[in-house]
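Residue numbers (the numbering used here): 34 to 274.
No residue lacks a Cβ here, since even glycine has one placed at the ideal position from N, Cα and C.
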């Protein structure tokens, strides 16, 4: 790997460290039912049969594509979120127990201003957060710039994401910061999760950081720092990268 390639690779390695290990190995939906349903659906998509979202509307789908393209863009050193199939991953997550808010307590009372260690504190599932968040962001963009987010200039789009992350934009229907955090976290997950969940197409995320995937045994290489792993990654499904 050339020295010029290192900054991007180092950044993605840092992102990989943030993503839970369970996401890399088994995806964000931690149930056998979700695993089976998601894997079965993922097998139906192919380059000749483009993925059709099951949850997001056409307008929401355009927003997702535009936004994740900024969060992990493609460049001369590697594929970005779009090439990795991150939008497909996010759409599939909307139909899992996680997307329906079934993995944590969702009964009131809700106290969104309390300490974060007390857990999720709004009465909206991730599906709701995306639906209200995209609608609110498009409405804000139309009011401020005359166009919905996906139709804005790339530099304006990028600045809006920075302002969402920095708490400079507020929505009435959903906390803007919560919406952005879901979008960012799911983009990271979709880039690095096992391909059976719809993202990480051709294992581009794993190849970028040298992650071996679901190989049965690579312990011999764990104690060899700065030695390149000689084999490509393997998906849970047996697909080889």
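Might you give, ordered along the chain, the residues of its own chain that have their beta carbon closer than 6 Å to the beta carbon of residue 86, omitting 5 neighbours on each side? Annotation for residue 86: 94 and 124 place their beta carbon closer than 6 Å to its own, counting only its chain and skipping 5 residues before and after.
Can you tell me whether residue 137 is buried or exposed, with buried defined as 16 or more other CB within 10 angstroms of its CB? Residue 137 is exposed by the Cβ-count criterion.
Which residues DSSP lists as bridging residue 111, in chain order: Note: residue 111 sits in a beta bridge opposite 108.
With a CB to CB cut of under 8 Å and the five nearest residues on each side skipped, what residues in its chain are close to residue 102? Around residue 102: 113, 114 and 115.
Can you give the Cα-Cα distance for residue 249 and residue 223, rounded to whole angstroms? Residue 223 has its alpha-carbon roughly 22 Å from the corresponding atom of residue 249.
Alpha helix (DSSP H) runs contained entirely in the region 110-173, provided each spans 4 or more residues: Annotation note: the region 110-173 contains the following uninterrupted alpha helix (DSSP H) runs of length 4 or greater, listed N- to C-terminal: 119-126.
In the DSSP assignment, the alpha helix (DSSP H) including residue 190 goes from what residue to what residue? That run of the alpha helix (DSSP H) goes 187-198.
Closer than 7 Å by C-beta to residue 155: which residues in its own chain qualify, once you throw out the five before and the five after it? Chain order, please. The beta carbon of residue 155 lies closer than 7 Å to those of 143, 145, 208 and 211 in the same chain, with the five residues before and after it left out.
Hey, out of 182, 119, 174 and 186, whose CA is closest to residue 218's CA? Measuring from the Cα of residue 218, the nearest candidate turns out to be 119.
Cα-Cα separation, residue 172 to residue 111: Between the C-alpha atoms of residue 172 and residue 111 there is a straight-line separation of about 33 Å.
Taking the Cβ atom as the reference point for each residue, do residue 270 and residue 236 lie within a distance shorter than 9 Å? Taking 9 Å as the cut-off, the beta carbon of residue 270 is found no closer than this to the beta carbon of residue 236.
Residue 248 by DSSP, collapsed to three states: which one? Secondary structure at residue 248: coil, using DSSP grouped into helix, strand and coil.
So the candidates are 148, 273 and 242; which of them puts its Cα closest to the Cα of residue 259? The residue with the shortest Cα to Cα distance from residue 259 is 242.
Using the C-alpha atoms, what's the distance from residue 84 back to residue 126? CA-to-CA, the gap between residue 126 and residue 84 works out to about 14 Å.
Using 10 angstroms around the beta-carbon of residue 244, count the other beta-carbons present and answer buried if the total reaches 16, otherwise exposed. By the 10 Å Cβ count, residue 244 comes out buried.
Length at least 3, wholly inside the region 211-259: the beta strand (DSSP E) runs in chain order: Listed in chain order, there is nothing to give.
If you count every other CB in all the chains shown that lies within 10 Å of the CB of residue 273, and 16 or more means buried, which is it? With fewer than 16 other beta carbons inside 10 angstroms of its own, residue 273 counts as exposed.
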